[in-house]
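S.K.: Chains as they are written, first to last, in the numbering used here: chain A, 1 to 143; chain B, 1001 to 1143; chain C, 2001 to 2143; chain D, 3001 to 3143. C-beta: ideal position from N, C-alpha, C; glycine also. Mind having a look at this structure? Questions to follow.
Right, here's the structure in full:
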């Protein structure tokens, strides 16, 4: 697989937060993971609550772990809560099943990482993540 | 107990994957455990997501741990979620309560291990597992 | 407490990495936590190993958790391993007892966060962290 | 990064075990992980003890996590046990600090996975792993 660079990850963070400020979103936490589920870059805006970054992390981690944007994982969690609960148990970094965890795909459509955003509505969280990913010249897959 | 041999386990993996390729299933992970819940053989096809092998492991582990195919464990999880949740908490390798975790029984009907498959629908996952077990001359018990 | 701002945290990351590149350090991971132990900003340079960011996190988390730079925590770990082992057991984000976890203090000497760096020697890791903290106009306390 | 294929991983397992049988090694467990630390292929020979596969897994996981063969990790563990203990605490799949965890590198020297072998002396374990990796046309790095 091609690798997500730090330069791309920092562009994602910067543009996602610029989008959020432009839209007067609530304070966000944003986490960018590579294809291994390892932390690549992150930022938590001033005023975010104690666990906010963990929610952002879990949205991104679930997307990479499952190979699907967190919006699709939400459907699974709602349809089959017994299965979803068991999977969550196995996930090192947690799995957060609501919109805002967006897969990063390269031009060959391969998964090279994921972005998790938390703080505003899940639609706005997802929009911020997708905007950042596109600004880095990559493909956003929200699920 | 009679013991699952590596030769049998490798036959299970080979024939399960051959069945999956013949049926154009999604990329699968397959895990074969012995009667103690110890890893005997495994394979993850190219393109499987980060956690796929853990889900396959959890289906097989749950089957051995509980002495029942994972399809039967799903009924338990749906009927008594409070109990299932507590049991999951105790399970070293997780318990995944959906089809695709299939007990391996010898000719005397004794449990000698389990196969977990994940990647396609749970019905197809189970079918791949059962096909492999039968190819090794053993009895498949999906629950 | 006064609060570490995202602007300060991003300055720390940027200047720590600039220092590392100037000194031709190995690829680094850097994690900035606020006074609560919550992730504020981070970056992992290209080529860092799978667990590198966790080690950086654990150096910073230990510093905040213990109220001491990780170099001082190393002395504790060496002097009283039984105690250190038990404390580690309680630490959500781990405690890494080697240099490179540096407290961030404001002008009134209050702890407002910590920086963890991992990838080069622990002396160089600490130097990168301290350089970033000073560049943000704050006080670095390596232990 | 280039990706370790299932075909390569199965070649590694087959040739490592053939080498072990030729040398009349004790019964071995062998685990092949990809660059993400995810299980790619494995085999446990008949007669291996209950935890043998976990030791093999931990040798491979430590190598990928740390970006170094497990023989080099052993030196770290002996020199700085307080640090090694803390890192182990953070490792999802465990880190086993003795020879027999061997990095798999591609022709560009990039880490694409690791092999862990356990069952005989650590020198023999490492030899089996390296033999398998070379048979797959890849570079073995034991630390």
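For residue 2033 of chain C, write down the residues that DSSP places opposite it in a beta bridge.
M.R.: The count along the third chain starts at 1 and reaches residue 2033 of chain C at position 33. Partner(s): C:2039 and C:2114.
S.K.: With distances taken from CA atoms, which of B:1066, B:1045, B:1111 and B:1115 is nearest residue 1087 of chain B?
M.R.: As a working note, residue 1087 of chain B is residue 87 in the second chain. Per the Cα distances, B:1066.
S.K.: Going by C-alpha to C-alpha distance, which of D:3098, D:3095 and D:3132 sits closest to residue 3019 of chain D?
M.R.: The residue given as residue 3019 of chain D occupies position 19 in the fourth chain. When only C-alpha atoms are compared, the closest one is D:3132.
S.K.: For residue 1088 of chain B, decide whether its Cβ has a neighbour in chain A, counting only Cβ atoms nearer than 7 Å.
M.R.: Counting from 1 along the second chain, the entry for residue 1088 of chain B is found at position 88. Closer than 7 Å to some Cβ of chain A, the Cβ of residue 1088 of chain B qualifies, so yes.
S.K.: List in chain order: all unbroken beta strand (DSSP E) runs of 3+ residues lying wholly within the stretch 36-104 of chain A.
M.R.: Listed in chain order, the beta strand (DSSP E) elements of length 3 or more contained wholly in the stretch 36-104 of chain A are 39-44.
S.K.: Applying the 10 Å Cβ sphere with the 16-neighbour rule, what's the burial state of residue 1072 of chain B?
M.R.: Position 72 of the second chain holds residue 1072 of chain B. Buried, by the Cβ-count rule.
S.K.: Decide if residue 52 of chain A is buried, meaning its Cβ has at least 16 other Cβ atoms within 10 Å, or exposed.
M.R.: By one-based count along the first chain, residue 52 of chain A stands at place 52. Burial call: buried.
S.K.: Between residue 92 of chain A and chain D, is any beta-carbon pair separated by less than 7 Å?
M.R.: For the purposes of this step, residue 92 of chain A is identified with residue 92 of the first chain, where counting begins at 1. Output row for residue 92 of chain A: interface = yes.
S.K.: Using only CA atoms, which one of B:1040, B:1141, B:1037 and B:1044 lies nearest to residue 1120 of chain B?
M.R.: Start at 1 with the first residue of the second chain, and residue 1120 of chain B comes out as number 120. Checking every option, the nearest Cα to that of residue 1120 of chain B belongs to B:1044.
S.K.: Which word fits residue 2059 of chain C, buried or exposed, when buried means at least 16 other C-beta atoms lie within 10 angstroms of its C-beta?
M.R.: Stepping through the third chain from its first residue, residue 2059 of chain C is reached at position 59. Residue 2059 of chain C is buried by the Cβ-count criterion.
S.K.: Looking at the structure shown, is residue 3136 of chain D part of a helix, part of a strand, or coil, going by DSSP?
M.R.: Translated into the one-based positions of the fourth chain, residue 3136 of chain D becomes position 136. If DSSP states are grouped into helix, strand and coil, residue 3136 of chain D belongs with coil.
S.K.: I'd like to know whether the C-beta atoms of residue 1976 of chain C and residue 2009 of chain C end up nearer to each other than 7 Å.
M.R.: Absent from the structure is residue 1976 of chain C, since the part of chain C shown begins at 2001 and ends at 2143.
S.K.: Could you name the residues of chain A that residue 2005 of chain C contacts, counting a contact when the two beta carbons are closer than 7 Å?
M.R.: In the third chain, residue 2005 of chain C corresponds to position 5, counting from 1. Neighbours of residue 2005 of chain C on chain A, chain order: 46.
S.K.: Taking C-alpha atoms, which residue in A:27, A:28 and A:47 lies nearest to residue 2036 of chain C?
M.R.: Translated into the one-based positions of the third chain, residue 2036 of chain C becomes position 36. Per the Cα distances, A:47.
S.K.: Quick check on this structure: which residue in B:1093, B:1062, B:1091 and B:1055 has the alpha carbon closest to the alpha carbon of residue 84 of chain A?
M.R.: Walking along the first chain from the start, residue 84 of chain A turns up at place 84. It is B:1055 whose Cα lies nearest to the Cα of residue 84 of chain A.
S.K.: Identify the contact partners of residue 2085 of chain C in chain D, using a Cβ-Cβ distance below 8 Å as the criterion.
M.R.: In the third chain, the residue the question calls residue 2085 of chain C occupies position 85. Within chain D, the residues near residue 2085 of chain C are 3085.
S.K.: Rounded to whole angstroms, what is the Cα-Cα separation between residue 3093 of chain D and residue 80 of chain A?
M.R.: Taking the fourth chain and counting its residues from 1, one reaches residue 3093 of chain D at position 93. Taking the first chain and counting its residues from 1, one reaches residue 80 of chain A at position 80. Those two C-alpha atoms are separated by around 27 Å.
S.K.: When you compare the stretch 1022-1033 of chain B with the stretch 1108-1115 of chain B, are there three or more beta-carbon pairs, one atom per stretch, that lie closer than 8 Å?
M.R.: Cβ pair count under 8 Å is three or more, so yes.
S.K.: Could you tell me which residues DSSP puts in a beta bridge with residue 7 of chain A?
M.R.: As a working note, residue 7 of chain A is residue 7 in the first chain. Paired residue(s): none; residue 7 of chain A is not in a bridge.
S.K.: At least one CB of chain D closer than 7 Å to the CB of residue 36 of chain A: is that the case?
M.R.: Translated into the one-based positions of the first chain, residue 36 of chain A becomes position 36. It does; some Cβ of chain D falls within 7 Å.
S.K.: Using a Cβ cut-off of 7 Å (strictly closer), state whether residue 2028 of chain C contacts chain A.
M.R.: The residue you call residue 2028 of chain C lines up with position 28 of the third chain. Taking Cβ atoms only, chain A never reaches closer than 7 Å to residue 2028 of chain C, which makes this a no.
S.K.: DSSP three-state label for residue 1106 of chain B, please.
M.R.: As a first step, residue 1106 of chain B is located in the second chain; it is residue number 106 there, counting from the start. Correct three-state label for residue 1106 of chain B: coil.
S.K.: If we call anything under 7 Å between Cβ atoms a contact, is residue 1136 of chain B one with residue 1011 of chain B?
M.R.: Indexing the second chain from 1 puts residue 1136 of chain B at position 136. Indexing the second chain from 1 puts residue 1011 of chain B at position 11. In this structure, residue 1011 of chain B lies closer than 7 Å to residue 1136 of chain B by Cβ.
S.K.: DSSP state of residue 2015 of chain C, grouped into three classes?
M.R.: In the third chain, the residue the question calls residue 2015 of chain C occupies position 15. DSSP places residue 2015 of chain C in helix when its eight states are reduced to three.
S.K.: Out of curiosity, what's the CA-to-CA distance linking residue 90 of chain A and residue 2057 of chain C?
M.R.: Position 90 of the first chain, counted from the first residue, corresponds to residue 90 of chain A. Position 57 of the third chain, counted from the first residue, corresponds to residue 2057 of chain C. Their Cα atoms are separated by approximately 21 Å.
S.K.: Taking 7 Å as the limit between beta carbons, can you name the residues of its chain near residue 142 of chain A, skipping five residues before and five after?
M.R.: Indexing the first chain from 1 puts residue 142 of chain A at position 142. So the list reads 69, 71, 99, 102, 126 and 130, once near-sequence residues are dropped.
S.K.: Can you tell me whether DSSP reads residue 1141 of chain B as helix, strand or coil?
M.R.: Locating residue 1141 of chain B in the second chain gives position 141, where the first residue counts as 1. Looking at residue 1141 of chain B - three-state DSSP - the assignment turns out to be strand.
S.K.: Would you grab the beta carbon distance between residue 2 of chain A and residue 105 of chain A for me? Rounded to a whole angstrom, and I think it's under 8 Å.
M.R.: Sequence index remark: in the first chain, residue 2 of chain A carries index 2 (1-based). Sequence index remark: in the first chain, residue 105 of chain A carries index 105 (1-based). The Cβ separation is near 10 Å, so there is no contact.
S.K.: Could you tell me which chain B residues have their CB closer than 9 Å to the CB of residue 147 of chain A, listed as they occur along the chain?
M.R.: There is simply no residue 147 of chain A to check, as chain A begins at 1 and stops at 143 in what is shown.
S.K.: Counting only beta-carbon separations shorter than 7 Å, does residue 64 of chain A have a partner in chain B?
M.R.: As a working note, residue 64 of chain A is residue 64 in the first chain. It does; some Cβ of chain B falls within 7 Å.
S.K.: For the candidate residues A:14, A:5 and A:26, whose alpha-carbon lies nearest to that of residue 122 of chain A?
M.R.: Numbered from its first residue, the first chain carries residue 122 of chain A at position 122. Of the listed residues, the one whose Cα sits closest to residue 122 of chain A is A:26.
S.K.: Run the CB neighbour count on residue 82 of chain A, radius 10 Å, all protein chains shown included, and call it buried at 16 or more, exposed below.
M.R.: As a working note, residue 82 of chain A is residue 82 in the first chain. By the 10 Å Cβ count, residue 82 of chain A comes out buried.
S.K.: Would you report the Cα separation of residue 1006 of chain B and residue 1064 of chain B, rounded to the nearest angstrom?
M.R.: By one-based count along the second chain, residue 1006 of chain B stands at place 6. By one-based count along the second chain, residue 1064 of chain B stands at place 64. Distance between the alpha carbons of residue 1006 of chain B and residue 1064 of chain B is about 17 Å.
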